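What follows is one structure encoded as structure tokens, with my remarks underneath.
Protein chains in written order, with our numbering: chain A, 89 to 466; chain B, 25 to 152.
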């Protein structure tokens, strides 16, 4: 395992231990950050210690004690009782840490930033670069997040699990949908694996991991150079079969009527198909119907309409789309364009794709839609 | 989501602010410095720049050989960008709140200007 990988894996465990010992999450996370930086500097020359976790805990603890001593306003903390940390169940610490990082008072971007540092072990600079903001801005975002947590008491209990899953999925999507930032998708999957290991009996947690694996499996086919390639045009020989196998096995084991599980099952059906047209669309249509019943949204209706078109033809799909109009949304407009094209109305399709191109904030999507618009008339 | 906030200046003259009493100019600048500080402290600041006065702006176009021709005729109604921010926020609503803060910057009488601030999303490479 590389040095970076070792440090990243140990990060949440050490943050958990120090937080439990000193009861100050914000200071503990800062102290661990400093210990990680010290390790990154010292270990390449001195070698990885025999007990790297104990090393990090010792260094972070010394930082905490120095903080306490130098901060006269916290003199009362000298009465901290030192828990017998060695006896703690460290898995509990990591889960509680994830709950804390997804505190209800935090905005999504704050929870994401804090989770990526305290749980995934990314450096502030790495997180800043991933989100294309200055490092100082990201550092402040994380500090602010911790200050918010400190002044809003809450119990890190299991009902925070949906919030943690939401943050992990956002991290994954940030990476999955970015053509040139592979790492965040991997971080999302890593966090998903960690959560699954901590909550092995929760089927939605397993469903989330399966969804990410099955979606990420298509990554290599999703772009050609820096152009977007949609699902119906992808070279399926580029899909990651190992990831598909793992994700499929997982969702088959845990399938049930939960939103992540349903989306994972849909992804598994796509990944199982030899081609877009050979996909089990009736099954996908049924799954979107179930999803619409438990977690309705305009996106679900849009996807259901597309699946309906594949089963009953474009006219049925267009009726379904028009029954749930989302007239300013570029995805809805583009989908309508696709169905018009399938129905033989190329001029209509082209006009829709041109309009959709003006409504998306993604340059990659805009370029793809303009290309389709031009080609359909050419 | 990244948004650009734009402050515009009416017309190609030197900044109107240059004719304010000195301490009102300073108050305006101080307001902007504090705004930037708050955006940085809140983890929302990506970029923020002021532009030199419109009286020093050039309008450039290419001549028939592709060479730059500067200083064309300016239409009377043209507005000029005075400065901009790029902020990274979770919603358009938050960008509008920040723009409203900008809008309250003090003017020549020390009272909030209630400036118009243009807000638009910055396009990014990633699909949405």
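Yeah, the Cβ is synthetic: ideal placement off N, Cα and C, and Gly gets one too. Keep in mind that this is a model prediction, so the values were computed, not measured.
Beta-carbon proximity of residue i to residue j, cut-off 8 angstroms
{"i": "residue 91 of chain A", "j": "residue 131 of chain A", "result": "yes"}
{"i": "residue 226 of chain A", "j": "residue 149 of chain B", "result": "no"}
{"i": "residue 389 of chain A", "j": "residue 397 of chain A", "result": "no"}
{"i": "residue 212 of chain A", "j": "residue 205 of chain A", "result": "yes"}
{"i": "residue 365 of chain A", "j": "residue 357 of chain A", "result": "no"}
{"i": "residue 352 of chain A", "j": "residue 339 of chain A", "result": "yes"}
{"i": "residue 258 of chain A", "j": "residue 453 of chain A", "result": "no"}
{"i": "residue 277 of chain A", "j": "residue 301 of chain A", "result": "yes"}
{"i": "residue 186 of chain A", "j": "residue 156 of chain A", "result": "no"}
{"i": "residue 83 of chain B", "j": "residue 98 of chain B", "result": "yes"}
{"i": "residue 425 of chain A", "j": "residue 435 of chain A", "result": "no"}
{"i": "residue 129 of chain B", "j": "residue 139 of chain B", "result": "yes"}
{"i": "residue 375 of chain A", "j": "residue 354 of chain A", "result": "yes"}
{"i": "residue 275 of chain A", "j": "residue 210 of chain A", "result": "yes"}
{"i": "residue 114 of chain B", "j": "residue 449 of chain A", "result": "no"}
{"i": "residue 240 of chain A", "j": "residue 193 of chain A", "result": "yes"}
Range covered by the beta strand (DSSP E) that runs through residue i
{"i": "residue 416 of chain A", "result": "Note, residue 416 of chain A: premise wrong, no beta strand (DSSP E); not H, not E."}
{"i": "residue 144 of chain B", "result": "141-145"}
{"i": "residue 73 of chain B", "result": "69-74"}
{"i": "residue 215 of chain A", "result": "Not the beta strand (DSSP E): residue 215 of chain A falls in the alpha helix (DSSP H), residues 212-219."}
{"i": "residue 131 of chain A", "result": "Note, residue 131 of chain A: premise wrong, no beta strand (DSSP E); alpha helix (DSSP H) at 113-134."}
{"i": "residue 111 of chain B", "result": "103-112"}
Rounded straight-line distance, which links the Cα of residue j to that of residue i
{"i": "residue 113 of chain A", "j": "residue 248 of chain A", "result": "17 angstroms"}
{"i": "residue 444 of chain A", "j": "residue 244 of chain A", "result": "43 angstroms"}
{"i": "residue 146 of chain B", "j": "residue 345 of chain A", "result": "38 angstroms"}
{"i": "residue 284 of chain A", "j": "residue 103 of chain B", "result": "56 angstroms"}
{"i": "residue 120 of chain B", "j": "residue 136 of chain B", "result": "17 angstroms"}
{"i": "residue 403 of chain A", "j": "residue 360 of chain A", "result": "27 angstroms"}
{"i": "residue 217 of chain A", "j": "residue 223 of chain A", "result": "8 angstroms"}
{"i": "residue 70 of chain B", "j": "residue 109 of chain B", "result": "8 angstroms"}
{"i": "residue 336 of chain A", "j": "residue 298 of chain A", "result": "7 angstroms"}
{"i": "residue 106 of chain B", "j": "residue 405 of chain A", "result": "49 angstroms"}
{"i": "residue 150 of chain A", "j": "residue 120 of chain A", "result": "10 angstroms"}
{"i": "residue 460 of chain A", "j": "residue 126 of chain B", "result": "41 angstroms"}
{"i": "residue 123 of chain A", "j": "residue 144 of chain A", "result": "6 angstroms"}
{"i": "residue 136 of chain A", "j": "residue 313 of chain A", "result": "39 angstroms"}
{"i": "residue 174 of chain A", "j": "residue 370 of chain A", "result": "Low confidence applies to residue 174 of chain A: its pLDDT is 44, below 50, so where it sits in the model is not reliable, and the reading given next is rough at best. Going by the C-alpha atoms only, they are around 54 angstroms apart."}
{"i": "residue 457 of chain A", "j": "residue 419 of chain A", "result": "10 angstroms"}
{"i": "residue 260 of chain A", "j": "residue 45 of chain B", "result": "53 angstroms"}
{"i": "residue 176 of chain A", "j": "residue 153 of chain A", "result": "Legend: pLDDT at residue 176 of chain A = 46, less than 50; position of this residue unreliable, value from coordinates given subsequently. Distance between the alpha carbons of residue 176 of chain A and residue 153 of chain A is about 20 angstroms."}
Assumed close pair residue i, residue j - CB separation to whole angstroms, cut-off 8 angstroms
{"i": "residue 105 of chain A", "j": "residue 126 of chain A", "result": "Not quite, the Cβ-Cβ distance comes to about 17 angstroms (not below 8 angstroms), so this is no contact."}
{"i": "residue 142 of chain B", "j": "residue 42 of chain B", "result": "Going by Cβ atoms, the distance from residue 142 of chain B to residue 42 of chain B rounds to 23 angstroms, so no, they are not a contact pair."}
{"i": "residue 116 of chain A", "j": "residue 103 of chain A", "result": "6 angstroms"}
{"i": "residue 292 of chain A", "j": "residue 349 of chain A", "result": "6 angstroms"}
{"i": "residue 409 of chain A", "j": "residue 423 of chain A", "result": "6 angstroms"}
{"i": "residue 273 of chain A", "j": "residue 263 of chain A", "result": "3 angstroms"}
{"i": "residue 383 of chain A", "j": "residue 347 of chain A", "result": "5 angstroms"}
{"i": "residue 78 of chain B", "j": "residue 35 of chain B", "result": "7 angstroms"}
{"i": "residue 230 of chain A", "j": "residue 202 of chain A", "result": "6 angstroms"}
Residue i - containing alpha helix (DSSP H), residue span
{"i": "residue 52 of chain B", "result": "46-65"}
{"i": "residue 439 of chain A", "result": "434-447"}
{"i": "residue 399 of chain A", "result": "386-400"}
{"i": "residue 170 of chain B", "result": "Past the boundaries of the shown model lies residue 170 of chain B; chain B is included only from 25 to 152, so the question cannot be answered."}
{"i": "residue 85 of chain B", "result": "Where residue 85 of chain B is concerned, there is no enclosing alpha helix (DSSP H), although the beta strand (DSSP E) it sits in stretches over 84-86."}
{"i": "residue 305 of chain A", "result": "No alpha helix (DSSP H) holds residue 305 of chain A; DSSP gives it neither H nor E."}
{"i": "residue 203 of chain A", "result": "196-206"}
{"i": "residue 94 of chain B", "result": "Residue 94 of chain B -> not in any alpha helix (DSSP H); beta strand (DSSP E) instead, spanning 92-94."}
{"i": "residue 143 of chain A", "result": "140-158"}
{"i": "residue 243 of chain A", "result": "Neither: residue 243 of chain A is in no alpha helix (DSSP H) and is coded neither H nor E."}
Neighbour flag for residue i against chain A, beta carbons, 8 angstroms
{"i": "residue 126 of chain B", "result": "no"}
{"i": "residue 27 of chain B", "result": "no"}
{"i": "residue 79 of chain B", "result": "no"}
{"i": "residue 143 of chain B", "result": "no"}
{"i": "residue 140 of chain B", "result": "no"}
{"i": "residue 147 of chain B", "result": "yes"}
CB contact check: residue i to chain B, cutoff 8 angstroms
{"i": "residue 113 of chain A", "result": "no"}
{"i": "residue 242 of chain A", "result": "no"}
{"i": "residue 449 of chain A", "result": "yes"}
{"i": "residue 228 of chain A", "result": "yes"}
{"i": "residue 222 of chain A", "result": "yes"}
{"i": "residue 219 of chain A", "result": "yes"}
{"i": "residue 168 of chain A", "result": "In this predicted model, residue 168 of chain A has a pLDDT of only 39, less than 50, meaning its place in the structure is not dependable; the value taken from the coordinates is given anyway. No, because no Cβ of chain B sits closer than 8 angstroms to the Cβ of residue 168 of chain A."}
{"i": "residue 197 of chain A", "result": "yes"}
{"i": "residue 355 of chain A", "result": "no"}
{"i": "residue 172 of chain A", "result": "Any reading at residue 172 of chain A must be qualified, since the residue scores a pLDDT of 38, below 50, and its modelled position is unreliable; the value itself is stated next. No, residue 172 of chain A lies away from the interface with chain B (no Cβ there is under 8 angstroms from its Cβ)."}
{"i": "residue 92 of chain A", "result": "no"}
{"i": "residue 225 of chain A", "result": "yes"}
{"i": "residue 44 of chain A", "result": "The first residue shown for chain A is 89 and the last is 466, placing residue 44 of chain A beyond what the model contains."}
heavy atom of the ligand FMN below 7 angstroms from residue i C-beta
{"i": "residue 103 of chain B", "result": "Among the components modelled here there is no ligand, and therefore nothing to report on the ligand FMN."}
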